[in-house]
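To keep things clear, I will list the structure first and then write my remarks on it.
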Amino acid sequence: MNYQEALTWIQDSLKFGIKPGLERMTWMLEKLGNPQRHICGIHVVGTNGKGSTVNDLQTIFSEAGYRVGTFISPYIIDFRERISINGQMISERDLVYLVQLAKPVVERLPLETDLEAATEFEIITLLMFLYFGKVHPVDLVFIEAGMGGLYDSTNVFKAQAVICTSIGLDHQAVLGETYSDIAQQKVGVLKEGVPFIFAEKRPDVKAFFYQKAKETQSSIYELGNTFYLVDKGERFDFICGNKKISDIKLAMQGYHQRSNAALAIMASLLLQEHFPKVTDTVIQKSLVHNYWIGRTEFIKDNLMIDGAHNNESVAVLVELLKEQYADKKIHILFAAINTKPIDSMLKQLNQFTDLTVTTFSYPNALPLKDYPQIYKQVRDFRLWLKRLSKAQRDDFYVITGSLYFISQVRKVLLKNEEIGYNRLY
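Residue numbers (full-length UniProt numbering): 1 to 425.
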């Protein structure tokens, strides 16, 4: 089996859709020796901000000299981004080896049990646990949950800490209609005695978090209550009790990124006893140059791409543009998949005078004919990109929407721009 054959086998399981539940994962992992029991990890759940928080953690602990693994979804450019060590994607050779180990067990599942075939995400999660728990052990793993938490296929290990970045109304058909419903799913990963770190401000969500933490006898660390972020313009201070880390500067813009970084810092401090090389200096040094692809990412000084793919993340993007770029003429290109609240997302973005919608090559991409006709349309995003060559000094361009869309746009842009800070490529 070569790499392309291995990738095709994994992606062929997309046809099995999304099937929440842990029975399939539990069965497959047991047949493979339960590699998930051999990892030391942090579990990151939430609606928005998971990837950025995982990336902050990875950068901090890598800078400290530890060997750390990450598991993220979705990928932006290369499938192998999903499983990385110290920011370097898994090799094609290792991925093929993992598939060869897992494939017989995956194929036995529907034959030897009453369970359905494994989904693509379950297979990828299985490969990740195999890699970090058996094939290529590391000091620490940062695991981003997929959809939800309680019935997510990543919820088969006991974490050193659980982080919840945010709660938003996304994937409601699976997770529930209300913020409380979704919060219940996300915090469902919390296990007995595991510290819980979160940044959510909604009273109904916070009440549920505290209730769950009481049931599991988990210590709670709440941003704005247990620990604090003190804004100082371009920098901020992190404060927790008598602990203070001053003048932290982030490469990524926006309060939401500071919130994500504060969560990562809090988790890092909780683990300091076992990872003493994580010092204040390491934290400051690591975050100042830390970028996350596809999230408030600058391809050029006047061109930003951001995977704002639901109402909450669009609201954060709008706030950032108003605060940081009020003196600019903002031009926005947007595309999304058909399961998102398109109308309300576009209404938020329409506060800026130049908003254009488009479509892209993806099974669930919303076709142009289904967009509200009040918005300007372009049939191919490449045509919109041509306007960049005529940019004036006060023009600022933003490409946003589905991460699948951002992935395709970024591939085109990478052909023309040098992105030196991206360690994944």
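Beta carbons are placed, not taken as given, at the ideal position from N, Cα and C, and that holds for glycine.
- Distance from the CA of residue 5 to the CA of residue 122, rounded to the nearest whole angstrom, comes to 18 Å.
- Taking the Cα positions, residue 11 is about 32 Å away from residue 60.
- Taken in chain order, the complete alpha helix (DSSP H) segments of 4 residues or longer contained in the segment 228-313 are 255-270 and 280-287.
- The count of Cβ pairs closer than 8 Å, one atom from the segment 31-46 and one from the segment 139-152, reaches three, so the stretches are in contact.
- Here residue 329 has 394 and 395 as same chain residues with Cβ atoms under 6 Å from its own Cβ, once five neighbours each way along the sequence are excluded.
- Each residue's CA atom was taken as its position, placing residue 325 and residue 250 some 18 Å apart.
- Within its own chain, the residues whose Cβ lies closer than 6 Å to the Cβ of residue 117, once the five positions on either side in sequence are excluded, are 16 and 110, listed in chain order.
- Just measuring C-alpha positions, the residue of 167, 106 and 134 sitting nearest residue 187 is 167.
- Separation of residue 262 and residue 196 (C-alpha to C-alpha, rounded to the nearest whole angstrom) is 14 Å.
- About 15 Å separates the beta carbons of residue 162 and residue 205, which is beyond the 8 Å limit, so they are not a contact pair.
- For residue 356, the uninterrupted beta strand (DSSP E) segment begins and ends at 354-357.
- Residue 365 is bridged by DSSP to 337.
- For residue 101, same chain residues with a beta-carbon under 8 Å away, outside a window of 5 residues either side, are 32, 130 and 135 in chain order.
- Where residue 409 is concerned, the enclosing alpha helix (DSSP H) starts and stops at 403-414.
- Distance from the Cα of residue 119 is smallest, within the candidate group 133, 103 and 132, for 103.
- Apart from the 5 residues on each side of it in sequence, residue 373 has no Cβ closer than 7 Å to any other Cβ in its chain.
- In the three-state DSSP reduction, residue 222 falls in the strand class (E or B).
- Runs of the alpha helix (DSSP H) lying entirely within the segment 163-199, each at least 4 residues long, are 172-175 and 179-186 in chain order.
- With a cutoff of 8 Å on beta-carbon distance, residue 245 and residue 235 are scored as not near each other.
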